[in-house]
Amino acid sequence: NPFDAEEIGPDDIEIILGKHIKIKPKKHPDLIIPINDYGVMYLDFVGDTIDYQSASFSEVNKYNNTQVISDLIKDKIVLIGLTATGSTDIGPIPVNNYAPLVTVHMTAISNILTGTHILPTTHNEQLIILLIIFLISFPIAVFLRPRYYIYVYFLFCMIYCTIVYMGISYHYKVFPIVIPLTYLSLGLFFHLLIHFIIEERERKKVRGMFETMVSKDVLQYIEENPGSFSLKGEAREATIFFSDVAGFTTISETLTPELLVGLLNEYLTPMSEIITESRGYIDKYEGDAIMAVWGVPYSDDKHAISACLAAIDQQKKLCEIRDFLEKKYGHRLWVRMGINSGTVSAGNMGSLQKMQYTVMGDAVNQAARFEPACKDYGIYTMIGQTTYELAKEHIEVRLLDKIVVKGKTIPIIIYELMDRKGHLDIVVKETIHNYEEALKLHWERKFDAALEFLEKALILNSDDGPSNAMKIRITGYLENPPSDNWQGEYVKATKD
2 NPFDAEEIGP DDIEIILGKH IKIKPKKHPD LIIPINDYGV MYLDFVGDTI DYQSASFSEV
62 NKYNNTQVIS DLIKDKIVLI GLTATGSTDI GPIPVNNYAP LVTVHMTAIS NILTGTHILP
122 TTHNEQLIIL LIIFLISFPI AVFLRPRYYI YVYFLFCMIY CTIVYMGISY HYKVFPIVIP
182 LTYLSLGLFF HLLIHFIIEE RERKKVRGMF ETMVSKDVLQ YIEENPGSFS LKGEAREATI
242 FFSDVAGFTT ISETLTPELL VGLLNEYLTP MSEIITESRG YIDKYEGDAI MAVWGVPYSD
302 DKHAISACLA AIDQQKKLCE IRDFLEKKYG HRLWVRMGIN SGTVSAGNMG SLQKMQYTVM
362 GDAVNQAARF EPACKDYGIY TMIGQTTYEL AKEHIEVRLL DKIVVKGKTI PIIIYELMDR
422 KGHLDIVVKE TIHNYEEALK LHWERKFDAA LEFLEKALIL NSDDGPSNAM KIRITGYLEN
482 PPSDNWQGEY VKATKD
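Residues in the sequence shown are numbered consecutively from 2, following my numbering.
Following this line, the structure appears as structure tokens:
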């Protein structure tokens, strides 16, 4: 018994699971054998059976000489094992797929005597590894979308496997691989599951909020890119549109509820289709009125162009259905529109019981003022200066006036939106030219000269609303000249 030979008793053996087995011989230094939490020793297989001195049973029997055998095994540890082909003590080891398993004992003894141990990770070290993985992966999981997190997951697995390989190959340290990778895999699964639940809930919320207000492609974009806009509120550049049926109060008084609803639906449906197909967002309906926005809820650099072209298309569509609606409901519809561009505050607004994504701000108020101001000039579509500057390469306009709307003190330039670029005939162009010349002369207080140009415009088109309105205004100025500090602006005293 080697323990008896070394005078090693039970008190000379210390076993601490997860740390080591310490053997304290009387005549030799202590032997320390690292073990894991289960008392398992990891072996460093540095060689095969052929790397150890050996003698077969036939060779020992051949010597038939005790002295020769004694010299052969003197001061050595002797292991006896089966090595013959077909024996049951043959199996795989890390360096050989078919080796005598006595090699395992040889390797264990060699590791103990030489101190070349492979160190297991302790329970605390494993907890630290898992904590580090959590601290790295959790922020990534929070801030990365699932499609990117999957790539990071595989990258993290590759990095960790490389660390495990480097640890065992160069530092004789065994790092756990199954538990951390399982931990990462479960984290990926729950991350995807939670994101799926959250995104599906957000998708339903967004769909319920926008599905009847925007086109299908815009809705799909919003669903796939929920981070492209904020429901909490943000400043955005947008173009706002208001429309209202002229004289609708009178119309509503002459129709039964059924006919009134039918008229509204047959009018609003094609108008709404034009708005949504041009990537606009219908903010709300108020009876016969429509409020729409381009540039929210998602960014669109062409918001002013889209809004203007949509307004032109709506007026043309109304011309197509006007006779049909008059024949069916007894009324011809004329619609005034106001368009303005600028910075708006966009977000989900309302009460806890009911909320709606909408916009507000000075640009919105200006657009709302432009719509009723149309009747002061006998026109049907008015746009602001900013809208004109953003869309002028795509639209035909008439410089209309400098106006101070209700609640403001600074005049702004307004335009009549006429048609798409290049779609005006020569008579309309000449009418616009004469009107604009009259407008500029009227700004310079040259009222008589302005009237001459207005007369030219009215010869071309006696029903031209702006020319008739300006003629009345200038005639009034000839009788009651404006004040000395007048800069050509028209002050609109009412909102309507």
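Cβ atoms here follow ideal geometry from the backbone N, Cα and C, with glycine treated the same way.
Measuring C-alpha to C-alpha distances from T476 to each of S463, A439 and D363 identifies A439 as the nearest.
Residue nearest to E238 within the set Y299, Y184, I195 and P181 is Y299 (criterion: CA-CA distance). Note on geometry: alpha-carbon atoms of K318 and S186 lie some 57 Å from one another. Note on H332: 16 or more other CB atoms within 10 angstroms of its CB, so buried under the neighbour-count rule. Per the coordinates, the alpha-carbon of K77 lies some 14 Å from the alpha-carbon of I113. The stretch 95-111 makes contact with the stretch 78-85: 3 or more CB pairs, one atom from each, lie closer than 8 Å. The DSSP assignment places no complete beta strand (DSSP E) segment of no fewer than 3 residues inside the stretch 423-479.
The distance from the Cβ of V360 to that of S244 is about 16 Å, inconsistent with a contact at the 8 Å cut-off. DSSP places G188 within a helical segment (H, G or I) once states are collapsed to three.
Nearest neighbour of F46 by Cα position, chosen from I119, K28 and G19, turns out to be I119.
When DSSP states are grouped into helix, strand and coil, G234 belongs to the coil group. The Cβ-Cβ distance between Y268 and L326 falls below 8 Å. Between K23 and D31, the C-beta spacing is below 8 Å. In the DSSP annotation of this structure, the continuous segment of the beta strand (DSSP E) that includes E287 starts and ends at Y282 to E287.
In the same chain as I141, and ignoring 5 residues on each side of it, the C-beta atoms closer than 6 Å to its own belong to V153, in chain order. The alpha-carbon separation between L193 and V179 amounts to approximately 21 Å. Looking at the DSSP output, K174 shares a beta bridge with L120. For the set G379, Y173, F176 and I306, the Cα lying nearest the Cα of D402 is the one of G379. Boundaries of the beta strand (DSSP E) around A293: A290 to W295. Taking the Cα positions, F144 is about 58 Å away from K441.
Burial state of F155 is exposed, judged by a 10 Å Cβ sphere holding fewer than 16 other Cβ atoms.
The straight-line gap separating the alpha-carbon atoms of G362 and E235 is approximately 12 Å. A Cβ-Cβ contact shorter than 8 Å links H124 with D38.
Taking 8 Å as the upper bound for CB-CB distance, I404 and E490 are in contact here, some 7 Å apart. Going by DSSP, I91 is part of no alpha helix (DSSP H) but of the beta strand (DSSP E) stretching over I91 to I94. For the stretch 306-355, the continuous beta strand (DSSP E) assignments of 3+ residues that do not extend past its boundaries occur at 336-351, in sequence order. Note that the C-beta distance between M419 and V406 is not below 8 Å. Closest by C-alpha distance to M42, out of L400, I322 and Y173, is Y173.
Rounded to the nearest angstrom, the gap between the Cα atoms of E445 and P482 is 12 Å.
When C-alpha distances from Q386 are compared across I415, Y358, A392 and Q367, the shortest belongs to I415.
Note on geometry: alpha-carbon atoms of P467 and G339 lie some 16 Å from one another. Burial is judged here by how many other beta carbons sit within 10 angstroms of a residue's own beta carbon; S57 has fewer than 16 and is exposed. The beta carbon of A392 sits closer than 7 Å to the beta carbons of A305, I306 and C309 from its chain, once the five residues preceding and following it are set aside; these are given in chain order. In its chain, beyond the 5 residues on either side, V406 have a beta carbon closer than 6 Å to the beta carbon of R370.
Partner residues in the beta bridge of R421, as assigned by DSSP, are I396. Closest in C-alpha terms to E480, from the list D449, A458 and V492, comes D449.
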